[in-house]
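Here the structure is laid out as structure tokens; the discussion comes afterwards.
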Amino acid sequence: MELQKGIWSRGGYTQANSKRPHQWIDFSDVQVEVQDGGEPWLFTGQHGQISVRGGQGKSISSSVVTRALYSVKIAVDPAPSTTAYEGINGESTSDVSGVGNASRAGHNINFSDGFSFQGSQKGLWVDGPARNITSDGCWYETLAQAVTMTGDGNISLSNNRFANAGIGATAGGTPGTGYIVTLGSKGQIDWGQGNVVEGSYDHLISDTSSGANECNGINWRGYLRSDATGLTILPALPQKSPAMDTNGKIDMGSHGFGTIAPNPDRSVRLSHISSNLLPGQILVLRATTGPVTLKNSSGGNIITGTGRDITIPAGGIATFMRIQPYVAGSEFLLQSVSVHSASTVPTDGFYYTQGHIIENIAVGAGVPDRWKCTTSGLAGTTAIFKAAAVLT
Numbered sequence: 007m008e009l010q011k012g013i014w015s016r017g018g019y020t021q022a023n024s025k026r027p028h029q030w031i032d033f034s035d036v037q038v039e040v041q042d043g044g045e046p047w048l049f050t051g052q053h054g055q056i057s058v059r060g061g062q063g064k065s066i067s068s069s070v071v072t073r074a075l076y077s078v079k080i081a082v083d084p085a086p087s088t089t090a091y092e093g094i095n096g097e098s099t100s101d102v103s104g105v106g107n108a109s110r111a112g113h114n115i116n117f118s119d120g121f122s123f124q125g126s127q128k129g130l131w132v133d134g135p136a137r138n139i140t141s142d143g144c145w146y147e148t149l150a151q152a153v154t155m156t157g158d159g160n161i162s163l164s165n166n167r168f169a170n171a172g173i174g175a176t177a178g179g180t181p182g183t184g185y186i187v188t189l190g191s192k193g194q195i196d197w198g199q200g201n202v203v204e205g206s207y208d209h210l211i212s213d214t215s216s217g218a219n220e221c222n223g224i225n226w227r228g229y230l231r232s233d234a235t236g237l238t239i240l241p242a243l244p245q246k247s248p249a250m251d252t253n254g255k256i257d258m259g260s261h262g263f264g265t266i267a268p269n270p271d272r273s274v275r276l277s278h279i280s281s282n283l284l285p286g287q288i289l290v291l292r293a294t295t296g297p298v299t300l301k302n303s304s305g306g307n308i309i310t311g312t313g314r315d316i317t318i319p320a321g322g323i324a325t326f327m328r329i330q331p332y333v334a335g336s337e338f339l340l341q342s343v344s345v346h347s348a349s350t351v352p353t354d355g356f357y358y359t360q361g362h363i364i365e366n367i368a369v370g371a372g373v374p375d376r377w378k379c380t381t382s383g384l385a386g387t388t389a390i391f392k393a394a395a396v397l398t
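FYI, in the numbering used here the residues of the sequence shown are 7 to 398.
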């Protein structure tokens, strides 16, 4: 029998009925195939501890006209205030402020043991606030978009195999628009170990907005292929790119790498890093549009190890080690910082700290070997640099 709809599991979806989840459900080797435009697997509302081992979700047709909308969709329940979904009304929310605003979605839903996302417009489509969605040891094949995260949620990917899994034209779309991974505002995707990308695809990952990166973004933990057939390997901003606030603080979340720009007030120094890293883990920060100075003081949680402020040059990196859990006090120890090199003393208006050294790349007899900042301040106005040595 050819189906238009496959399996639809609907749990409680508002704060008022949060005690009505679907829990402890195991699917083993369940294969769901639907007609083009259909939906093989749909989880809406509150779920927990759901295991899908083996099996598949795919289109029954081999055409590339429309295909299934997705292989698996995990989202909030359709709005119940109207005819919500294919003529089926949602449950009543007369006791809930803001009728029609579903707020619950699945947590702890795991796909494993070779489950196949296949022959669909989108393979795994997850909408926030769904969280702790994992795909471990699964197969993604013949898809326009393999994995899509929208809204404020997260997906973890490990040991998966992607084969021709990001081709926009696969499901009747526009060539060049496919992605292995797409990420919406505030979403997070952990790209873990053991993922293998094969065949053709348009892009590995979508260019996420700065807003998405400032919230969560992509966590790269596993390797990426080096023989890409697609247009891009990495987007412009695959890492977290937080803005330093007026108090000199940034929030890195669980990211181990990020870029950072100085505050518009260039005298503001980086004093506090908020992070979910554990003691012993490493954090790397790269200064982008200008140098960033680390403030060594009792008011922050960064130890420079020198008893003074340290400037990260523009384009340079600083490596930190987390030395204790998130509590008040010293939490990050500076391990190393890039050497600053230039052909002239800077006049860029950024803050440089006393003791900062700039190596002179314009070498020659009678010219300074380097310059040293003797008075902290803004380059070009209040900062003072003096030649440290002259080559002979």
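All C-beta atoms in this analysis are idealised placements derived from N, C-alpha and C, irrespective of residue type, glycine included.
**OP:** From the DSSP output, in three-state form, read off residue 385 for me.
**Re:** coil
Original post:
Is the beta carbon of residue 307 less than 8 Å from the beta carbon of residue 264?
Top reply: no
Original post:
Under a Cβ-count criterion, where at least 16 other Cβ atoms within 10 Å of its own Cβ denotes burial, should residue 30 be classed as buried or exposed?
Top reply: exposed
**OP:** Hey, could you find the ends of the beta strand (DSSP E) residue 356 is sitting in?
**Re:** It is not in any beta strand (DSSP E) - residue 356 carries neither H nor E in the DSSP assignment.
Original post:
Using 8 Å as the threshold, is the stretch 156 to 163 in touch with the stretch 120 to 127, meaning 3 or more CB pairs across them?
Top reply: no
Original post:
Taking the alpha carbon of residue 173 as the point to measure from, which residue in 205, 313 and 190 has its own alpha carbon closest?
Top reply: 205
Subject >> C-beta atoms of residue 355 and residue 320 nearer than 8 Å >> reply: no
Original post:
From residue 44 to residue 163, what does the alpha carbon distance come to, in whole angstroms?
Top reply: 25 Å
Original post:
When burial is assigned at 16 or more other CB atoms within 10 Å of the CB, is residue 187 buried or exposed?
Top reply: buried
**OP:** Could you pull out every residue in the same chain whose Cβ sits closer than 6 Å to the Cβ of residue 37, ignoring the five residues on either side in sequence?
**Re:** 61 and 62
Subject >> Spatially closest choice to residue 392 from 374, 143 and 384, by CA coordinates >> reply: 374
Original post:
For residue 147, which residues does DSSP report across the bridge?
Top reply: 124 and 169
Original post:
What does residue 59 pair with, by DSSP beta-bridge criteria?
Top reply: 34 and 118
**OP:** Report the residue from 351, 358, 198 and 77 whose alpha carbon sits nearest the alpha carbon of residue 148.
**Re:** 77
**OP:** Return the CA-CA distance between residue 282 and residue 27, expressed in angstroms with no decimal places.
**Re:** 29 Å
Original post:
How many Å lie between residue 14 and residue 194 at the Cα?
Top reply: 25 Å
**OP:** With residue 202 as the anchor, note down where its beta strand (DSSP E) starts and where it stops.
**Re:** 202 to 204
Original post:
Where do the ends of the beta strand (DSSP E) carrying residue 365 lie?
Top reply: 363 to 366
**OP:** Under 6 Å Cβ to Cβ from residue 267, same chain only, skipping five residues before and after it: list those, please.
**Re:** 294 and 295
Subject >> Cβ shell of residue 142 (< 6 Å), same chain only, five flanking positions each side left out >> reply: 118, 164 and 165
**OP:** Keeping to the same chain, check which residues put their C-beta closer than 7 Å to that of residue 285; ignore five residues upstream and five downstream.
**Re:** 328, 329, 330 and 331
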